[in-house]
Amino acid sequence: MNNKFIKILIIINGIILPIFVIILLTDFLQSKFKKDDFSTNIDYSTREEKLPELKETIRYSSIQKIPNSKYFVVAKYLVLDDKPSFGDYDLIMPYTVPEKTINILFLDENYNIVRKLLEKDSSIKKMFISNAYLNKEETQEKLKFLSFYIAKEDTTGDDKINEYDKHFIYVCDLNGKNLTKVTDREINQFQWISEGRELLIQFEQRDENGNQNLRYGIYNIKNKSMIEPKSID
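Residue numbering for the sequence shown follows our numbering, starting at 25 and increasing by one per position.
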């Protein structure tokens, strides 16, 4: 009787044990394959993907004559990865400047470089000459000053001075001397008046609801003074 019972247990164990081993092995293999497959699809590494760095190279515009003056100007500007920019076409100075202009060089009548507009390369977004809307003869006769939008400080916190920083109006003589900041206030637009002796400036000013208020001033370049006419909101 005992021998028979023992034989039955041996038979049962011989059947159940292989099945149990197969189940465990199958479960192990399934979990292994799932883990490997999942790992190949998702990268858990903490390695940061670096964006390709754009290389900035320096270019110079062609030499352009300043109307009503014996001086010439050349723009020093940047291009990314040697891509063409508007500065390559020589059609815009001295009425504006190439994109990413960082300085302006002034040359005398013998084409000697006599000065830089900025002591340190910064950002010059725009350049305006007075009476540019007049014909060539009138512009040459009446042009007295140059004006620029210039940023000299990093206002965005990215450790660079470029076109994204705050720019302000500056004026200078036709030879690049006496560069003067007109105002610390942000502006919408300005125009030359009084035959190029003054600037009519419209300031950027808004109320608490975001509505723009009309605020403007008249800047006398010779006296370096600003008056603000009365306005009605």
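Glycine residues also receive a C-beta, built at the ideal position from the N, C-alpha and C atoms.
Residues bridged to residue i [DSSP beta-bridge criterion]
i	result
Gly-241	Ile-225
Leu-141	Partner(s): none; Leu-141 has no beta bridge.
Leu-102	Ile-82
Val-195	Ser-171 and Thr-204
Ile-251	Ile-242
Asn-127	Lys-100
Lys-261	Since the first residue shown for the chain is 25 and the last is 257, residue 261 is missing from the structure and cannot be characterised.
Arg-230	Gln-236
Ile-217	Glu-222
Lys-150	Tyr-173
Pairwise C-alpha distance: residue j and residue i
i	j	result
Asn-235	Cys-196	33 Å
Leu-224	Phe-214	5 Å
Lys-246	Asp-183	35 Å
Lys-176	Ile-87	24 Å
Lys-248	Arg-221	11 Å
Leu-78	Asp-145	19 Å
Ser-255	His-191	25 Å
Tyr-135	Asn-233	53 Å
Ser-93	Glu-143	22 Å
Thr-81	Asp-178	20 Å
Val-97	Thr-180	29 Å
Glu-219	Glu-228	25 Å
Lys-89	Ile-174	21 Å
Ala-99	Asp-105	19 Å
CB contact flag (residue i, residue j, <8 Å)
i	j	result
Phe-130	Ile-148	no
Gly-200	Ile-126	no
Tyr-101	Arg-83	yes
Lys-150	Val-103	no
Leu-170	Leu-198	yes
Counted within 10 angstroms of its Cβ, other Cβ atoms place residue i as buried (16 or more) or exposed
i	result
Pro-253	exposed
Asp-189	buried
Ile-193	buried
Ser-85	buried
Lys-124	buried
Ile-217	exposed
Contacting residues, own chain, Cβ-Cβ under 6 Å from residue i (five flanking each side not counted)
i	result
Met-250	Gly-241 and Tyr-243
Asp-132	Val-138
Asn-258	No answer is possible for residue 258: it lies beyond the span of the chain, which begins at 25 and ends at 257.
Asp-208	none
Arg-230	Gln-236
Cβ-based neighbour list, residue i, same chain, cut-off 7 Å, excluding 5 preceding and 5 following
i	result
Gln-226	Ile-211, Asn-212, Gln-213, Phe-214 and Tyr-240
Leu-203	Leu-141, Tyr-194 and Cys-196
Lys-205	Phe-192 and Tyr-194
Below-8 Å beta-carbon distance, residue i vs any chain C residue
i	result
Lys-176	Among the chains in the structure shown there is no chain C, since it carries only a single protein chain.
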